[in-house]
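Read top to bottom, the protein sequences are chains A and B.
Each residue of the first sequence is one higher than the one before, counting from 0 in numbering that gives the first Met the number 0.
Each residue of the second sequence is one higher than the one before, counting from 0 in numbering that gives the first Met the number 0.
Don't be surprised by glycine CBs; every beta carbon is placed ideally from N, CA and C.
The structure presented is a predicted model; accordingly, all values stated were derived computationally and were not measured.
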Amino acid sequence: MATKTYAGQSVEVNDEGYMVNASEWTKEIAAEMAKEEGIDLTDKHYEVLEFLRNANEKGETLTIRRVGKSGITDIKGLYQLFPGGPLKFSSKFAGIPKPASCV
Amino acid sequence: MATNNETPLKKVCIICAKGTIEDVYATLVMANGAVMEGIETKVFFTFFGLDGITKKQMGKIKTATVGNPAMRAPGGLPFPTILGMLPGVEAGVSAMMKSQMYKLDIPPVDEFLEMITAGGGEIFACKLAMDMFKLEKSDLHEEVKDVLTIGDFYGKCGGENTQIIFT
Numbered sequence: 000m001a002t003k004t005y006a007g008q009s010v011e012v013n014d015e016g017y018m019v020n021a022s023e024w025t026k027e028i029a030a031e032m033a034k035e036e037g038i039d040l041t042d043k044h045y046e047v048l049e050f051l052r053n054a055n056e057k058g059e060t061l062t063i064r065r066v067g068k069s070g071i072t073d074i075k076g077l078y079q080l081f082p083g084g085p086l087k088f089s090s091k092f093a094g095i096p097k098p099a100s101c102v
Numbered sequence: 000m001a002t003n004n005e006t007p008l009k010k011v012c013i014i015c016a017k018g019t020i021e022d023v024y025a026t027l028v029m030a031n032g033a034v035m036e037g038i039e040t041k042v043f044f045t046f047f048g049l050d051g052i053t054k055k056q057m058g059k060i061k062t063a064t065v066g067n068p069a070m071r072a073p074g075g076l077p078f079p080t081i082l083g084m085l086p087g088v089e090a091g092v093s094a095m096m097k098s099q100m101y102k103l104d105i106p107p108v109d110e111f112l113e114m115i116t117a118g119g120g121e122i123f124a125c126k127l128a129m130d131m132f133k134l135e136k137s138d139l140h141e142e143v144k145d146v147l148t149i150g151d152f153y154g155k156c157g158g159e160n161t162q163i164i165f166t
């Protein structure tokens with residue numbers, strides 16, 4: 000466990016940089032996290048993040064396929080939004096745990 | 000103790016030579032998993048593995064119920080090989096395997112191929128096996144990029160931190 004400062008707020012994160020408390024999340028934190036990976040968040044990104052946060056709250060198992068069927072974007076679009084990590088980066092920026100799924 | 004001297008995997012080249020549910024899906028899960036991690040991914044289907052990318056066969060792949068000692072009845076009860084020979088058993092077992100996978104959000108084969116290519120993964124078919132089975136490129140799913148000799152496939156497997164995996 001470690002603490003990092005995003006957007007002037009200290010945030011508890013795990014070894015892989017995922018936030019420990021999803022409730023601490025703000026849009027500004029997400030934007031700074033994304034910048035570390037070289038991604039500028041747009042409205043579309045935030046729609047995906049909101050979707051992930053809602054699904055996580057309901058205890059749903061998150062897969063790339065599930066997000067692809069969300070109506071926000073398809074799988075190809077998801078790869079374009081979060082290059083190199085459509086599910087792991089989006090989950091990280093959404094402040095939720097890294098999904099424990101293989102798809 | 001983990002050290003940080005390791006350099007991350009950059010490319011995986013996966014070869015699938017068998018056409019059962021578990022062979023084809025192991026290939027697809029590994030390929031898709033690699034693409035999702037940002038790893039460059041190439042998949043080569045050969046011999047009976049071609050069933051996984053042949054339009055007519057890809058929806059009908061099965062698990063072998065004969066000669067598969069790890070297969071047990073639900074609840075872990077033994078499943079005598081002789082039962083596996085009965086008509087309909089292979090189909091029933093295969094349907095059960097697929098339904099268990101779908102519950103985990105693992106898609107049918109054609110959709111899985113589309114997921115892999117959506118992330119930039121590339122799918123190839125083996126020329127020799129295509130010739131053997133009298134298949135044409137038009138018999139294969141649209142997501143198959145090309146029909147290659149093994150030499151051509153190796154030509155795509157170069158570079159540092161590349162692994163070739165044979166399922």
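* To do: Identify, in the order they occur along the chain, each residue of the same chain with its Cβ nearer than 7 Å to the Cβ of V65 (chain B), setting aside the five sequence neighbours on each side.
  => Excluding sequence positions up to five before and after V65 (chain B), its CB lies within less than 7 Å of the CB of T80, G83 and M84, all in the same chain and listed in chain order.
* Between the beta-carbon of M29 (chain B) and the beta-carbon of I14 (chain B), is there less than 7 Å? -> The answer is no: Cβ separation not under 7 Å.
* Asked: For F81 (chain A), which three-state DSSP category applies?
  -> Under the three-state reduction of DSSP output, F81 (chain A) falls in the coil class, being neither helix nor strand.
* Leaving out the 5 sequence neighbours to the left and right, which residues in its chain are closer than 7 Å to V34 (chain B) when beta-carbon positions are compared? -> Only T40, I115, G118, G119 and G120 meet the Cβ criterion.
* In chain B, which residues lie less than 8 Å from G84 (chain A) when you measure between Cβ atoms? -> Under the 8 Å cutoff, chain B gives M35, E36 and G37.
* Asked: With 16 as the cutoff for other CB atoms within 10 Å, does D39 (chain A) come out buried or exposed?
  -> Burial state of D39 (chain A) is exposed, judged by a 10 Å Cβ sphere holding fewer than 16 other Cβ atoms.
* Per-residue contacts from Y17 (chain A) into chain B (C-beta, under 7 Å) -> The premise fails here: Y17 (chain A) is roughly 15 Å from chain B at the closest Cβ pair, so nothing lies under 7 Å.
* **Residues that DSSP places opposite M18 (chain A) in a beta bridge** => Its beta-bridge partners are A:V12.
* **Enclosing alpha helix (DSSP H) for I122 (chain B) [first to last residue]** => Where I122 (chain B) is concerned, there is no enclosing alpha helix (DSSP H), although the beta strand (DSSP E) around it starts and stops at E121 to C125.
* Straight-line Cα distance separating D130 (chain B) from S90 (chain A) -> Using only the alpha carbons, I get a separation of about 45 Å.
* Within the same chain, show all residues whose beta-carbon is closer than 8 Å to that of M5 (chain A), passing over the 5 residues directly before and after it, in chain order. => The amino acid occupying residue 5 (chain A) in the given sequence is Tyr; Met does not appear at that position. Excluding positions up to five away in sequence, the list reads E27, I28, E31 and M32.
* Just mark A69 (chain B) as buried or exposed, buried being the case when its beta carbon has 16 or more other beta carbons within 10 Å. => Around the beta carbon of A69 (chain B), a 10 Å sphere encloses fewer than 16 other beta carbons of the protein chains shown; the residue is thus reported as exposed.
* To do: Inspect the beta-carbon positions of A21 (chain A) and G94 (chain A) and report whether they are closer than 7 Å.
  => Cβ atoms of A21 (chain A) and G94 (chain A): closer than 7 Å.
* Asked: Quick one: what's got a C-beta closer than 8 Å to M0 (chain A)'s C-beta in the same chain, skipping five residues either side?
  -> Hits under 8 Å: E11, V12, N13, D14 and V19.
* Euclidean distance between Cα positions of V108 (chain B) and K102 (chain B) -> Taking the straight line joining both Cα atoms gives about 15 Å.
* **Per-residue contacts from P106 (chain B) into chain A (C-beta, under 7 Å)** => For P106 (chain B), the chain A residues whose Cβ falls inside 7 Å of its Cβ are R64, in order along the chain.
* Thinking just about the alpha-carbon of each residue, which of B:K9, B:N3, B:E5 and B:N4 is nearest to the one in G157 (chain B)? -> Cα-wise, what sits closest to G157 (chain B) is B:K9.
* **Where I38 (chain B) falls: helix, strand or coil (DSSP)** => Looking at I38 (chain B) - three-state DSSP - the assignment turns out to be coil, as it is neither helix nor strand.
* To do: Indicate whether at least one CB of chain A lies closer than 7 Å to the CB of G171 (chain B).
  => Chain B is shown only over 0 to 166; residue 171 (chain B) falls outside these bounds and no answer can be derived.
* Asked: If we ignore side chains and look at the alpha-carbon of each, how far apart do L139 (chain B) and D73 (chain A) end up?
  -> When rounded, the distance between both Cα atoms is 24 Å.
* Do you know how far the Cα of T25 (chain A) is from the Cα of T62 (chain B)? -> In a straight line, the C-alpha of T62 (chain B) is about 48 Å away from that of T25 (chain A).
* Which whole-angstrom value describes the C-beta separation of D104 (chain B) and R64 (chain A), a residue pair presumed to lie in contact below a C-beta threshold of 8 Å? -> Indeed they touch by this definition, with Cβ atoms about 5 Å apart.
* Going along the chain, which residues of the segment 108-123 of chain B sit with their C-beta nearer than 9 Å to a C-beta in chain A? -> Taking 9 Å as the Cβ-Cβ cut-off against chain A, the residues of the segment 108-123 of chain B that qualify are E110, F111, E113, M114, T116, A117, G118 and G119.
* Asked: Rounded to the nearest angstrom, how far is the Cβ of T45 (chain B) from that of A128 (chain B), given a contact under 8 Å?
  -> Rounded to whole angstroms, the Cβ separation of T45 (chain B) and A128 (chain B) is 5 Å, and the two are in contact under 8 Å.
* Can you tell me the Cα-Cα spacing of Q99 (chain B) and S100 (chain A), whole angstroms? -> So the two alpha carbons sit approximately 15 Å from each other.
* Asked: What does I13 (chain B) pair with, by DSSP beta-bridge criteria?
  -> According to DSSP, I13 (chain B) bridges with B:V42 and B:I164.
* **Close beta carbons around V42 (chain B), own chain, < 6 Å, minus the five adjacent residues each side** => If we look at V42 (chain B) and ignore the five residues flanking it on each side, its Cβ neighbours are I13, A30 and I122.
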